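One structure below.
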Amino acid sequence: MNDCQAAVPVECDSCDGPAAGQVYETIIDGRLHWVLTHECGDSFVEAMGWDETPDDLRQALLDQCGTYRLRLSREITGVAVMRVLRASGMSLAAVPEALAALTGPGRPGTEMELQLLAGRLRAAGASATVERDRDATDG
């Protein structure tokens with residue numbers, strides 16, 4: 009489970025002003041789940057969503073929690089991996105490049121989005137690993 013939260017500025021609709029928010033991702037029932045929280049006066053405000061974290065929140069996670077890389081430790085049949093990639097919403101045209109990245113430098117992303125894809129690849133028989141990008145700086 010991921011315990012990294014990124015600090016993000018939030019425009020609060022309730023108190024009509026800026027607030028300091030926290031965003032994190034987790035996996036629930038095989039889906040990516042993102043949560044944005046902040047305090048407003050004596051209240052706790054929470055926004056959330058599924059499957060795709062909004063770009064600005066995702067970028068904050070990458071900047072503050074680090075970039076991770078998903079790699080296939082050993083090649084398996086391209087068909088099994090292709091099915092997983094296609095089921096995750098990837099276009100057929102993007103699959104060859106994704107396969108090359110997975111067996112080479114790795115696919116970059118947030119820890120939770122890559123853990124989710126790695127789990128799906130493992131279920132298809134792949135030996136997938138997710139590691140923090142060694143070029144990443146601590147945020």
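Take any residue in the sequence shown, count from 1 to its spot, add 8: that is its number in this note's numbering. Even glycine gets a Cβ: it sits at the ideal position worked out from N, Cα and C. Because the structure is a prediction, the values reported are computed rather than measured.
Problem - Counted within 10 angstroms of its Cβ, other Cβ atoms place L100 as buried (16 or more) or exposed - result: L100 comes out exposed.
Handout entry: alpha helix (DSSP H) runs wholly inside the region 106-140, at least 4 long, in chain order
Key = Entirely contained in the region 106-140, the alpha helix (DSSP H) runs reaching 4 residues are, in chain order, 119-131.
Handout entry: Candidates E54, E60, P104, of which the one nearest V156 by Cα
Key = A query on residue 156 cannot be resolved here, the shown segment of the chain reaching from 9 to 147 and no further.
Handout entry: DSSP three-state assignment for Q30, whether helix, strand or coil
Key = In the structure shown, Q30 sits in a strand (DSSP, three-state: E or B).
Problem - Residues near F52 by beta carbon distance below 7 Å, same chain, minus five either side - result: Cβ-Cβ distances below 7 Å link F52 to T45 in the same chain, with the five nearest sequence neighbours on each side left out; the list follows chain order.
Problem - Candidates C20, M56, R39, D24: closest to V31 by CA position - result: Taking only the C-alpha atoms, the option nearest V31 is M56.
Handout entry: Proximity of R77 and P113 at Cβ, strictly below 9 Å
Key = Yes, Cβ-Cβ distance for R77 and P113 is below 9 Å.
Problem - Residue of E47, G86, E139 minimising C-alpha distance to G25 - result: Residue E47 is the option with its Cα nearest to G25.
Practice task
Please state if the CB of V92 and the CB of R39 are separated by a distance shorter than 9 Å.
Solution key: No.
Problem - For C23, the three-state DSSP class (helix, strand or coil) - result: Reduced to three states, the DSSP call for C23 is coil.
Problem - Proximity below 9 Å, CB of A136 to CB of L110 - result: Yes, they are a contact pair.
Handout entry: Coil, strand or helix - C98 by DSSP
Key = Residue identity differs from the one stated: residue 98 is Met in this sequence, not Cys. Reduced to three states, the DSSP call for M98 is coil.
Exercise for the section: Assign R94 to one of two classes, buried (16 or more other C-beta atoms within 10 Å of its C-beta) or exposed (fewer than that). Expected result: Its Cβ having fewer than 16 others within 10 Å, R94 is exposed.
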